[in-house]
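Asker: Quick note, the sequence shown lines up with residues 1 to 266 if you use this note's numbering.
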Amino acid sequence: MIGCADEAGGVVRALEAVELIPVAAAAGWIDAVVGGGGLLQLPAMLVAFPGLPTATVLGTNKAVAITGTGTACATYLRRTTPDWPFTGLAAAVALPAAVAGALVASRLPGAVFRPLIMVALLAVGLFVTLRPDFGRTHEPVRLDRRRANLLAVLSGGGIGFYDGVIGSGTGTFLIIIFLLVLRTDFLRGSAMAKVGNVSTNFGALVVFVVEGHVMWPLAACMAVGNVTGGTVGARMALRRGASFVRYALLVVVVALVAKLAYDQWA
Numbered sequence: 001m002i003g004c005a006d007e008a009g010g011v012v013r014a015l016e017a018v019e020l021i022p023v024a025a026a027a028g029w030i031d032a033v034v035g036g037g038g039l040l041q042l043p044a045m046l047v048a049f050p051g052l053p054t055a056t057v058l059g060t061n062k063a064v065a066i067t068g069t070g071t072a073c074a075t076y077l078r079r080t081t082p083d084w085p086f087t088g089l090a091a092a093v094a095l096p097a098a099v100a101g102a103l104v105a106s107r108l109p110g111a112v113f114r115p116l117i118m119v120a121l122l123a124v125g126l127f128v129t130l131r132p133d134f135g136r137t138h139e140p141v142r143l144d145r146r147r148a149n150l151l152a153v154l155s156g157g158g159i160g161f162y163d164g165v166i167g168s169g170t171g172t173f174l175i176i177i178f179l180l181v182l183r184t185d186f187l188r189g190s191a192m193a194k195v196g197n198v199s200t201n202f203g204a205l206v207v208f209v210v211e212g213h214v215m216w217p218l219a220a221c222m223a224v225g226n227v228t229g230g231t232v233g234a235r236m237a238l239r240r241g242a243s244f245v246r247y248a249l250l251v252v253v254v255a256l257v258a259k260l261a262y263d264q265w266a
């Protein structure tokens, strides 16, 4: 079997790497539309390569995810205009926060965070379900600059740190934050979330690269699928509009809660 990359004491086989390309494409599509592609991609990588250290799987996943997220971000920005002062500041703060989260990822067990995250996701799902008009229209509110900057720093810092530590559902949380704070619609919220997500992915990836936890040949194989899925997902969301993104978000929230519950108690 042709080797694709070194795996802790052995060789990552090319067949497994190729088989993960469709998984990466599906994850890229989910990330582009509403975030949460990691809930599909990470478990698949862990099953395919059980001998890899967890940090190496996380680092390789970040290297793959940033390609699809970056492609989706560029696609959105060609068709939508985000609130750059808010989005840019949140993304700028999110980057070092993601670095900090990645640095402590190996020191704090995920079990500490999962119950709180599940509660937050359930609250998001219930809120979106009970408020059918939420996020359907773009009705931005005017915030004074001081308050807007404070909210951008808090949201960017919190989500960036979370992405570095755990990661699953970062894009979903970003969309909800932008909708709640800026009163934008799901489509623009998803576009702005991609800007923040690229920043958090990059911040965490820097740590994993420095620590040698990225398998570049495997990442390159999977990036082909992730970029394809990200492009298709962004174009589909732009074509079908906010309602489509809303329903996709609800499906992803349910899947995220199920995955986190499984990780917590299985």
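We put the beta carbon where it would ideally sit given N, CA and C, even for glycine.
How many Å lie between Ala234 and Val245 at the Cα?
Answerer: Along the sequence shown, read from residue 1 onward, the residue named residue 234 stands at position 234. Along the sequence shown, read from residue 1 onward, the residue named residue 245 stands at position 245. The straight-line gap from Cα to Cα measures roughly 10 Å.
Asker: For Ile202 and Leu77, what's the separation of their Cα atoms in angstroms?
Answerer: Numbered from its first residue, the sequence shown carries residue 202 at position 202. Numbered from its first residue, the sequence shown carries residue 77 at position 77. The question names Ile, yet the displayed sequence has Phe at residue 202. Those two C-alpha atoms are separated by around 18 Å.
Asker: Exposed or buried, what is Asp163 when buried is set at 16 or more other beta-carbons lying within 10 Å of its beta-carbon?
Answerer: One-based indexing of the sequence shown puts residue 163 at position 163. Asp163 comes out buried.
Asker: Select from Asp83, Val34, Ala100 the residue whose C-alpha is nearest the C-alpha of Ala255.
Answerer: To locate residue 255, count along the sequence shown from 1; it is residue 255. Answer by Cα proximity: Val34.
Asker: On a Cα-Cα basis, can you pick out the residue from Lys259, Gly212, Leu250 that is closest to Thr54?
Answerer: Here residue 54 corresponds to residue number 54 of the sequence shown, with the count starting at 1. Out of Lys259, Gly212, Leu250, Gly212 has the C-alpha closest to the C-alpha of Thr54.
Asker: Could you give the residue range of the alpha helix (DSSP H) that holds Gly37?
Answerer: Taking the sequence shown and counting its residues from 1, one reaches residue 37 at position 37. Element bounds for Gly37: n/a, residue is neither H nor E.
Asker: Out of curiosity, what's the CA-to-CA distance linking Ala17 and Val57?
Answerer: Taking the sequence shown and counting its residues from 1, the one referred to as residue 17 is at position 17. Taking the sequence shown and counting its residues from 1, the one referred to as residue 57 is at position 57. Using only the alpha carbons, I get a separation of about 13 Å.
Asker: Can you give me the start and stop residues for the alpha helix (DSSP H) that Thr184 sits inside?
Answerer: Looking up residue 184 in the sequence shown gives position 184. First-last for Thr184: undefined, no H or E at that position.
Asker: Which of helix, strand or coil does DSSP assign to Arg276?
Answerer: Because the chain in this structure spans residues 1 to 266, residue 276 falls outside the shown range and cannot be described.
Asker: Taking all protein chains shown into account, do 16 or more other C-beta atoms lie within 10 angstroms of the C-beta of Ala258, making it buried, or fewer, making it exposed?
Answerer: Mapped onto the sequence shown, residue 258 falls at position 258. Label assigned to Ala258: exposed.
Asker: Secondary structure at Glu7, three-state DSSP: helix, strand or coil?
Answerer: Taking the first residue of the sequence shown as 1, we reach residue 7 at position 7. Note on Glu7: pLDDT 44, under 50, position unreliable in the model; the coordinate value appears next. Strand.
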